[in-house]
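Asks: In the numbering used here, the protein residues as written are 2 to 856.
If you want it as structure tokens, here you go:
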């Protein structure tokens, strides 16, 4: 809880009766539909501003307060700039927390969900966010999730939705599968249970079909999305270019294909590694001795307790089991021992890798751990430009393999740099690039390999074994077929929860809803069972931004004309924790809809703004830590405007803000000063501003000129600082000889109200009314700055001596370097600071800086 709440006694502080002012203006906005988006005939240019929608788990928290403040600042700014702004809100209302809460309370998830939505909706309205409340959606409403099912059917028809058995992350407590990002340090992020690996038959969306487009189209977003997020997306997709290489396995008819980005190092392969949880490992070990099979099973049991993320940690000690089987290197016929090791994943590449320990750090660590051969085949000390070095021949004309400059086994460091091939027969002397091309040609000619690409990206697992989600619209027939529910029979509605045991059992509770799950195939009348799983809530959030465009539309998920008019989203605001999967899935679905002819763009969010977290005492807020600051409590204690200004002023958008450093008290004092200057204005509305105090007018017009670019750069804290400077300048002018009747005072107060609307809309509306105008200040067109008032007559120059500021000088804005240096050298403060020291160097950057070095 922040300090010093405003007195609620209007008689004591009538200008600070914040709750009465809030109620007054919120009622006005609601009655007049102030922030509704303009209809189709509105000719203003359009902007679509969207904050990531909330999950209704109790009331809003301070992270929400920050997120919706930022989206509101952007939305209000563009309205002032003359745009028709769409700024909607909805709720991501399906999901596990609601179901777990319902189980705990022995209630229907709907009751918990919609009660929380009502509470959050009330808090957002109290906060004064300029949402278009006519477009609200809840993803758990039938008229929304019907279109999730429609989308599933579109993907299924095109082969992009399919079912397969595969190992998944399994939470034994919540009894459902988890996405990789929902696993933290090997535990379920929600309940803390240790995650297991389990094989299940699940539904997937084939996002890998779009891997190249998802990767290449990130180039469109350069400069508009944070660089960090673009890099995270690129890393997650992880395109690798190389070759598929076919290895014979002794005692096995079928070859094993291995993908490698470095086929040029094939002569340096000294063993093969397979994923212990792969079908290949199980097959290979079946042909080994009982001792090997026993050791392998014990190892596999241990591996299944680890997540893929843990297995990929390069700092972990290497472990593995020899399978007593051998592969044949296709370029030199060498026998390569085959090991199972956890650093290879079953679903990456083909679940097997050729190990080249001299040139791959993980392979080297493994080779050293198990005393396996290490052969250098790239001399990284050799230049890769210029002529190919001469290859020495022995007396029989056979190339002599050169010795490497370093031995990785001794250094423990793999040689991963550029160089020329050695110990590689006919490839010797070639650079990496040329050697890759040459060996791919050789493999293709021999029928043992081919050029290939691989991706880190995996298909999107959408099945969830829980009740509170979108039912998957598929039917399972008695003869084993899986057929879709016809579109005209959507939605497949969730049955009521009453009478269902929602406790997790390893399979969906919907399977026990006998009346619901038992059905027939519409086309034939044959008996069938509904699919009992529900969809991942990432499906809900992958296209919700489009449903806002056509609220209530019954014949389609959204209108294509509405999408052309409003989308893509111009500014999308939310936490960086959603930088990978949510954004990736939304990008994927957008591209699918583009291919379906439903939208005319391929990226959903033109600009992305990531905010930091609001923390307390350096730690993330949580109920378990007892450091939760409740949003509704802060609203009651300080009022919406003070909370908004304090958060906006607390620091850059992308930085974390510690709540103990957020000063609502300072914000309250600033807002009270702003209100008082409006109340003090005595001049009429038709006063001539040009007749006013020139110094104050320069401050006013500098704010008008600088604020737009600052807002577009999301430097909201700087705009608040400029507003504070203007209010102080107004007060100084009022208290001077000019007085409250100075025309410049009225002009400055009006500009203050207009710009303050971005941050403190209730106070701004009240100021606008006090100044004699009809509401709403939120729709006032941004005033243009007078360029003649932006010319600086005087500036402040800083004088440093040995890096420390020793004086400031008021100098002409157009002063030249020699004149500025002369003033600095002869300033009394500079002379005192110099004492007996001699200036050895002077750096002069007129009109702002003089820096002296001394001895």
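Ideal Cβ placement from N, Cα and C applies to all residues, glycine included.
On a CA-only basis, which of 791, 621, 428 and 410 is nearest residue 268? Give me that one, please.
Replies: For this step, residue 268 is matched to residue 267 along the chain shown. Nearest option by C-alpha distance: 428.
Asks: Check for me: the beta strand (DSSP E) holding residue 163 runs from which residue to which?
Replies: Looking up residue 163 in the chain shown gives position 162. Here the beta strand (DSSP E) through residue 163 covers 162-172.
Asks: Taking DSSP as the reference, what is the three-state secondary structure of residue 349?
Replies: Taking the chain shown and counting its residues from 1, one reaches residue 349 at position 348. In the structure shown, residue 349 sits in coil (DSSP, three-state: anything other than H, G, I, E or B).
Asks: Compare the Cα-Cα distances from residue 213 to each of 194, 588 and 344 and report the closest residue.
Replies: In the chain shown, residue 213 corresponds to position 212, counting from 1. Nearest of 194, 588 and 344 to residue 213, Cα basis: 588.
Asks: Which runs of the beta strand (DSSP E) at least 3 residues long sit entirely within the segment 74-154? Give them in chain order.
Replies: Complete beta strand (DSSP E) runs here, min 3: 85-87.
Asks: Would you list the residues sitting across from residue 575 in a DSSP beta bridge?
Replies: Translated into the one-based positions of the chain shown, residue 575 becomes position 574. Its beta-bridge partners are 611.
Asks: Where DSSP assigns a beta bridge to residue 247, which residues make up the other side?
Replies: To locate residue 247, count along the chain shown from 1; it is residue 246. Its beta-bridge partners are 258.
Asks: Unbroken beta strand (DSSP E) runs of length 3 or more, entirely within the segment 299-385: which are they?
Replies: Taking only runs of at least 3 residues, the beta strand (DSSP E) segments lying wholly in the segment 299-385 are 321-329, 336-342 and 353-356.
Asks: With residue 710 as the anchor, note down where its alpha helix (DSSP H) starts and where it stops.
Replies: Residue numbering aside, residue 710 sits at position 709 when the chain shown is read from its first letter. Here the alpha helix (DSSP H) through residue 710 covers 695-713.
Asks: Could you give the DSSP three-state label for residue 768: helix, strand or coil?
Replies: Position 767 of the chain shown, counting from 1, holds the residue named residue 768. Residue 768: helix per DSSP, three-state reduction.
Asks: Which one of 759, 330 and 475 has the shortest CA to CA distance from residue 129?
Replies: Counting from 1 along the chain shown, the entry for residue 129 is found at position 128. Closest option to residue 129, Cα to Cα, is 759.
Asks: Mark residue 1 as exposed unless 16 or more other C-beta atoms lie within 10 angstroms of its C-beta, in which case mark it buried.
Replies: Any property of residue 1 remains undetermined from this structure, which presents the chain solely from 2 to 856.
Asks: Do residue 727 and residue 704 have their C-beta atoms closer together than 7 Å?
Replies: The sequence position of residue 727 within the chain shown is 726, counting from 1. The sequence position of residue 704 within the chain shown is 703, counting from 1. Against a cut-off of 7 Å, the Cβ pair of residue 704 and residue 727 comes out as a contact.
Asks: My guess is that residue 359 and residue 415 are in contact by the Cβ rule of under 8 Å, so how many angstroms apart are they, rounded?
Replies: Counting from one through the chain shown, the residue named residue 359 turns up at place 358. Counting from one through the chain shown, the residue named residue 415 turns up at place 414. Right, the Cβ-Cβ distance comes to about 6 Å (below 8 Å), so this counts as a contact.
Asks: Give a yes or no on whether the C-beta atoms belonging to residue 281 and residue 274 are separated by under 7 Å.
Replies: On the chain shown, residue 281 is found 280 positions in, with the first residue counted as 1. On the chain shown, residue 274 is found 273 positions in, with the first residue counted as 1. Contact: no.
Asks: Can you tell me whether residue 490 is buried or exposed? The criterion is at least 16 other CB atoms within 10 Å of its CB, across all chains shown.
Replies: The sequence position of residue 490 within the chain shown is 489, counting from 1. Exposed.
Asks: Per DSSP, which one or two residues make a beta bridge with residue 853?
Replies: Within the chain shown, numbered from 1, the residue matching residue 853 stands at position 852. Beta-bridge pairing links residue 853 to 802 and 843.
Asks: Along the chain, which unbroken stretches of the alpha helix (DSSP H) at least 4 residues long are found entirely within the segment 170-229?
Replies: Entirely contained in the segment 170-229, the alpha helix (DSSP H) runs reaching 4 residues are, in chain order, 212-217.
Asks: Is residue 651 helix, strand or coil when you go by DSSP?
Replies: The residue you call residue 651 lines up with position 650 of the chain shown. Three-state DSSP puts residue 651 in coil, outside helix and strand.
Asks: Let me make sure I understand the geometry here. Which of 462, 460, 463 and 442 has the alpha-carbon closest to that of residue 453?
Replies: Within the chain shown, numbered from 1, the residue matching residue 453 stands at position 452. That would be 442, whose Cα lies nearest to the Cα of residue 453.
Asks: State the DSSP-derived secondary structure class of residue 466, mapped to helix, strand or coil.
Replies: For the purposes of this step, residue 466 is taken as residue 465 along the chain shown, with counting starting at 1. It is coil, neither helix nor strand.
Asks: Shortest alpha-carbon distance to residue 591 belongs to which of 811, 620, 561 and 611?
Replies: Your numbering for residue 591 matches position 590 in the chain shown. Residue 561 is the option with its Cα nearest to residue 591.
Asks: Buried or exposed, going by whether 16 or more other CB atoms sit within 10 Å of the CB of residue 96?
Replies: Translated into positions along the chain shown, residue 96 becomes position 95. So residue 96 counts as buried.
Asks: Going by C-alpha to C-alpha distance, which of 247, 721, 607 and 372 sits closest to residue 444?
Replies: Your numbering for residue 444 matches position 443 in the chain shown. The shortest Cα separation from residue 444 among 247, 721, 607 and 372 belongs to 247.
Asks: So residue 581 and residue 237 are supposed to be a Cβ contact under 8 Å. How far apart are they, rounded?
Replies: The residue you call residue 581 lines up with position 580 of the chain shown. The residue you call residue 237 lines up with position 236 of the chain shown. About 5 Å separates the two Cβ atoms, so the contact holds.
Asks: Thinking C-beta only, is residue 22 closer than 7 Å to residue 763?
Replies: Your numbering for residue 763 matches position 762 in the chain shown. Your numbering for residue 22 matches position 21 in the chain shown. Going by C-beta atoms, residue 763 is nearer than 7 Å to residue 22.
Asks: Contact defined as beta carbons within less than 8 Å: I believe residue 571 pairs with residue 608. What is the distance between those atoms, to the nearest angstrom?
Replies: Position 570 of the chain shown holds residue 571. Position 607 of the chain shown holds residue 608. Rounded, the Cβ-Cβ distance is 6 Å, consistent with contact.
Asks: Do residue 619 and residue 684 have their C-beta atoms closer together than 7 Å?
Replies: Locating residue 619 in the chain shown gives position 618, counting from the first residue. Locating residue 684 in the chain shown gives position 683, counting from the first residue. No, the pair does not count as a contact, with Cβ atoms beyond the cut-off.
Asks: Could you tell me the alpha carbon to alpha carbon distance between residue 258 and residue 368, rounded to whole angstroms?
Replies: Start at 1 with the first residue of the chain shown, and residue 258 comes out as number 257. Start at 1 with the first residue of the chain shown, and residue 368 comes out as number 367. C-alpha separation (whole angstroms): 22 Å.
Asks: Roughly how many whole angstroms lie between the Cα atoms of residue 304 and residue 290?
Replies: Residue mapping note: residue 304 aligns to position 303 of the chain shown, counting from 1. Residue mapping note: residue 290 aligns to position 289 of the chain shown, counting from 1. Rounded to whole angstroms, residue 304 to residue 290 spans 21 Å at the Cα level.
Asks: For the alpha helix (DSSP H) holding residue 434, just list the boundary residues, first then last.
Replies: Counting from 1 along the chain shown, the entry for residue 434 is found at position 433. From DSSP, the alpha helix (DSSP H) with residue 434 extends over 433-447.
Asks: Keeping to the same chain, check which residues put their C-beta closer than 7 Å to that of residue 739; ignore five residues upstream and five downstream.
Replies: On the chain shown, position 738 is the one that residue 739 refers to. Same-chain partners within the cutoff: 694.
Asks: Does any C-beta atom of chain D lie closer than 7 Å to the C-beta of residue 468?
Replies: Looking at the structure shown, chain D is missing, and only one protein chain is on hand.
Asks: Check the C-beta distance from residue 37 over to residue 141 and give it rounded, since I have them as a contact under 8 Å.
Replies: Taking the chain shown and counting its residues from 1, one reaches residue 37 at position 36. Taking the chain shown and counting its residues from 1, one reaches residue 141 at position 140. Going by Cβ atoms, the distance from residue 37 to residue 141 rounds to 25 Å, so no, they are not a contact pair.
Asks: How many angstroms separate the CA atom of residue 837 from the CA atom of residue 844?
Replies: As a first step, residue 837 must be located in the chain shown, where it is residue number 836. As a first step, residue 844 must be located in the chain shown, where it is residue number 843. Near 20 Å, if we compare the C-alpha coordinates of residue 844 and residue 837.
Asks: Give me the Cα-Cα distance between residue 629 and residue 216, rounded to the nearest whole angstrom.
Replies: Looking up residue 629 in the chain shown gives position 628. Looking up residue 216 in the chain shown gives position 215. Going by the C-alpha atoms only, they are around 39 Å apart.
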